[in-house]
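> Please read through the structure below; I'll follow up with questions.
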Amino acid sequence: MTPETANDFTDLPDLACETLGGAALLCNDEFFAEKENLLRAHPAEWKEHAYTDRGKWMDGWETRRRREPGYDWCIVRLGLPGIIRGVVVDTAFFRGNYPASCSLEACTIDEPLDLAALDRARWVEILPNKPLSGDGKNRFVIASNERFTHVRLNIFPDGGVARLRVHGEVVPDWARLRRLGGPIDLAALEHGAVVELCSDMFFGSRHNLIKPGPSRTMADGWETRRRRGPGNDWALVRLAAPGTIERLEVDTSHFKGNAPGRIVVEGCMHPGGPIEHPAQEHGWRVLLVTPVQPHRRHLFDEELRRIGVVSHVRLSVFPDGGVARLRCWGHLADEPAPGLDRLNALGRAEAVAALARCCASTAWATAMADARPFADPPAMLRAAERAWWPLGEADWLEAFAGHPRIGERKEAAAGTAAWSQGEQAGVAGAADDVARALHDANEAYERKHGFVFLICATGRSAGEMLAAIQSRLGHARADELRIAAEEQAKITRLRLGKLLAELAAEGGAS
94 MTPETANDFT DLPDLACETL GGAALLCNDE FFAEKENLLR AHPAEWKEHA
144 YTDRGKWMDG WETRRRREPG YDWCIVRLGL PGIIRGVVVD TAFFRGNYPA
194 SCSLEACTID EPLDLAALDR ARWVEILPNK PLSGDGKNRF VIASNERFTH
244 VRLNIFPDGG VARLRVHGEV VPDWARLRRL GGPIDLAALE HGAVVELCSD
294 MFFGSRHNLI KPGPSRTMAD GWETRRRRGP GNDWALVRLA APGTIERLEV
344 DTSHFKGNAP GRIVVEGCMH PGGPIEHPAQ EHGWRVLLVT PVQPHRRHLF
394 DEELRRIGVV SHVRLSVFPD GGVARLRCWG HLADEPAPGL DRLNALGRAE
444 AVAALARCCA STAWATAMAD ARPFADPPAM LRAAERAWWP LGEADWLEAF
494 AGHPRIGERK EAAAGTAAWS QGEQAGVAGA ADDVARALHD ANEAYERKHG
544 FVFLICATGR SAGEMLAAIQ SRLGHARADE LRIAAEEQAK ITRLRLGKLL
594 AELAAEGGAS
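Following the numbering used here, the numbering of the sequence shown begins with 94 at its first residue and continues without gaps.
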């Protein structure tokens with residue numbers, strides 16, 4: 094951020110916001126209003142005649158009147174660690190009871206039990222004592238380039254603050270992400286991705302598109318105004334780091350009458366700073382073109398075109414509308430693959446056994462073991478596709494037989510049962526009538542087609558899976574065999590990522 098643009102820091106994410114995981118951990122006093130209000134996502138409110146047994150109800154953090162020397166303070170854990178570019182100390186509706194001044198300190202705590210580590214933390218003053226005005230947004234530019242995880246707001250001598258906004262650039266723990274192995278969401282805000290530009294965000298901020306977690310309401314997504322002329326709307330995302338995209342999620346949840354009719358996702362490699370406008374020629378390559386439905390979480394993997402390493406993606410919506418979330422799962426371009434190294438180094442019999450956990454077809458697992466060494470995870474996934482589709486029906490049925498029924502447990506190879514249980518997590522809390530309906534539908538499906546009903550269950554609810562099996566009961570066996578093979582291919586891709594993660598963890602522990 095240059096000095097000319099430093100005052101625009103409020104366009105950066107609020108690293109402390111409660112919806113991003115921010116938490117007010119400790120304070121020395123909250124007599125009139127609790128510290129948690131500091132991090133609420135919505136603006137502070139005023140209730141004219143609202144009182145509590147402590148005094149006037151205030152939407153903020155407010156301490157009692159200090160009658161001895163000293164000052165009050167509150168410690169906040171940032172939801173997203175990063176470089177702080179500016180803060181807003183908002184004293185909305187605090188007119189006769191706001192602090193005279195404030196200062197801000199910050200520290201970095203990488204230990205999971207941060208409360209225990211606070212006493213040992215090295216606090217750095219990033220904002221010296223500055224005067225505050227009442228009932229207003231007090232903006233302060235921060236000059237530090239250090240990554241922080243916690244901040245401490247000091248107010249002098251006492252009083253109330255409605256909101257604390259800590260704007261900055263997310264800096265993830267890349268070493269930890271690499272240790273986890275497997276694909277990561279390259280478009281995630283928590284990993285450092287940024288929505289740099291968009292055509293319009295009249296109803297919903299572009300930054301919502303890559304926020305953590307599912308959207309809560311229609312207001313928690315990116316939504317444009319109604320387009321009355323030619324063209325379409327778009328959003329431009331700078332990925333957390335260059336990488337190859339293997340799976341996309343386009344979520345239109347809560348957009349029921351205002352979702353786009355169609356989307357296009359493109360990628361390009363532009364390592365030299367931000368893209369000033371997406372219409373500029375940067376070698377954009379099409380990753381996905383598809384219609385989308387309202388109020389639905391769309392997952393795409395086999396439909397994607399393989400376009401290599403990209404640093405930016407452009408989401409185009411036609412002609413306009415709202416999208417709740419965009420996820421771009423893939424691998425870092427320079428990502429070391431310790432799990433892949435271990436897979437490449439296994440003996441043939443060990444490799445076949447390990448790969449059979451991903452797909453129970455002996456022919457497939459043997460072909461994959463013989464196709465080693467794999468240069469990188471994308472090369473392994475391409476080999477998995479090439480080994481799968483030429484197989485015959487008997488090999489496919491062998492793979493299908495390695496799966497439990499949806500909603501039922503089955504003896505399986507070590508580790509595979511846990512994978513199945515995790516993939517079918519959406520069934521765990523199913524109501525009794527839904528569980529019974531699933532059981533009956535599974536039996537009817539097997540009687541008709543001669544093999545277990547197969548679906549990539551990850552992220553699906555029990556109701557969604559019941560609807561899927563009921564809709565597929567009417568298919569001809571040949572059509573259903575092909576559909577089940579496609580679902581097996583999706584499951585195999587996900588499990589190969591899990592296998593690499595496990596092998597990496599075993600290598601780290603040895």
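For every residue, glycine included, the Cβ atom is placed at its ideal position computed from N, Cα and C.
With three or more C-beta pairs closer than 8 Å as the rule, is the region 236-248 touching the region 393-404?
Taking 8 Å as the limit for Cβ pairs, the verdict is that the region 236-248 does not touch the region 393-404.
> If you measure between the beta carbons of Thr-242 and Leu-171, is that distance less than 7 Å?
Closer than 7 Å, so yes.
> Does the Cβ of Ser-564 have 16 or more other Cβ atoms within 10 Å, making it buried, or fewer, making it exposed?
Ser-564 comes out exposed.
> Give me the residue from Phe-295, Ala-561, Leu-474, Ala-444 with the minimum Cα distance to Arg-319.
The option with the nearest alpha carbon to Arg-319 is Phe-295.
> Which residues in the same chain have their Cβ closer than 8 Å to the Cβ of Arg-158, if we skip the five residues on either side of it in sequence?
Excluding sequence neighbours, Arg-158 sits near Asp-251.
> Does the distance from the CB of Ala-286 to the CB of Leu-425 come in under 7 Å?
No, the pair does not count as a contact, with Cβ atoms beyond the cut-off.
> Reducing DSSP to helix, strand and coil, say where Trp-327 ends up.
Strand, per DSSP.
> How would you call Arg-418, buried or exposed, if buried means at least 16 neighbouring beta carbons within 10 angstroms?
Looking at its Cβ environment, which holds 16 or more other Cβ atoms inside 10 Å, Arg-418 is buried.
> Alpha carbon to alpha carbon, how far is Ala-494 from Val-181? Give it in angstroms, no decimals.
Their backbone Cα atoms lie some 58 Å apart in a straight line.
> Out of Asn-190, Gly-350, Ala-464, state which residue places its alpha-carbon closest to the alpha-carbon of Leu-433.
Nearest of Asn-190, Gly-350, Ala-464 to Leu-433, Cα basis: Ala-464.
> Flag this pair as touching only if the region 576-591 and the region 447-458 have three or more C-beta atom pairs under 8 Å; answer yes or no.
Because the criterion of three Cβ pairs below 8 Å is met, the region 576-591 and the region 447-458 touch.
> With a Cβ-Cβ cutoff of 7 Å, do Pro-307 and Lys-349 count as a contact?
It is not a contact, given that the beta carbons lie outside the stated cut-off.
> Using a Cβ distance threshold of 8 Å, determine whether the region 263-279 contacts the region 181-191, with at least three qualifying pairs required.
Too few Cβ pairs lie closer than 8 Å, so no.
> State the CB to CB distance for the pair Leu-547 and Gln-581, rounded to an integer number of angstroms; the pair is presumed to be in contact (CB under 8 Å).
Yes, Leu-547 and Gln-581 are in contact; Cβ-Cβ is about 6 Å, under 8 Å.
> I need the straight-line Cα distance from Ala-446 to Glu-579, nearest angstrom please.
Roughly 22 Å between the two C-alpha positions.
> Hey, out of Arg-178, Arg-272, Asp-212, Trp-139, whose CA is closest to Ser-237's CA?
That would be Arg-178, whose Cα lies nearest to the Cα of Ser-237.
> Evaluate the contact criterion for the region 129-136 versus the region 205-212: three or more CB pairs, one atom per stretch, below 8 Å.
Touching, no, given that fewer than three Cβ pairs across the two stretches are closer than 8 Å.
> Which residues share a DSSP beta bridge with Tyr-144?
Per DSSP, Lys-149.
> Report the three-state DSSP secondary structure of Thr-345 (helix, strand or coil).
In this structure, Thr-345 counts as coil in the three-state DSSP scheme.
> Using the three-state DSSP reduction, which class does Glu-580 fall into: helix, strand or coil?
Three-state DSSP puts Glu-580 in a helix.
> Given this structure, state the Cα-to-Cα distance separating Glu-539 from Val-545, to the nearest angstrom.
Approximately 6 Å, taken between the alpha carbons.
> Exposed or buried, Arg-529, counting other C-beta atoms within 10 Å across all chains shown (16 or more means buried)?
Per the 10 Å Cβ criterion, exposed.
> Would you decide whether His-135 is buried or exposed? Buried here means 16 or more other CB atoms lie within 10 Å of its CB.
Classification for His-135: exposed.
> Within 10 angstroms of its Cβ, does Asn-301 collect 16 or more other Cβ (buried), or is it exposed?
Buried, since its Cβ has 16 or more Cβ neighbours within 10 Å.
> Classify Arg-467 as buried or exposed, calling it buried when 16 or more other Cβ atoms lie within 10 Å of its own Cβ.
The sequence shown places Phe at residue 467, not Arg. Buried, because 16 or more other Cβ atoms sit within 10 Å of the Cβ of Phe-467.
> What does DSSP give as the partner residues of Gly-423 in its beta bridges?
Beta-bridge pairing links Gly-423 to Ile-277, Ile-338.
> Does the Cβ of Lys-140 have 16 or more other Cβ atoms within 10 Å, making it buried, or fewer, making it exposed?
It counts as exposed.
> On the DSSP bridge assignment, give the partners of Cys-451 in chain order.
Per DSSP, none; premise fails for Cys-451.
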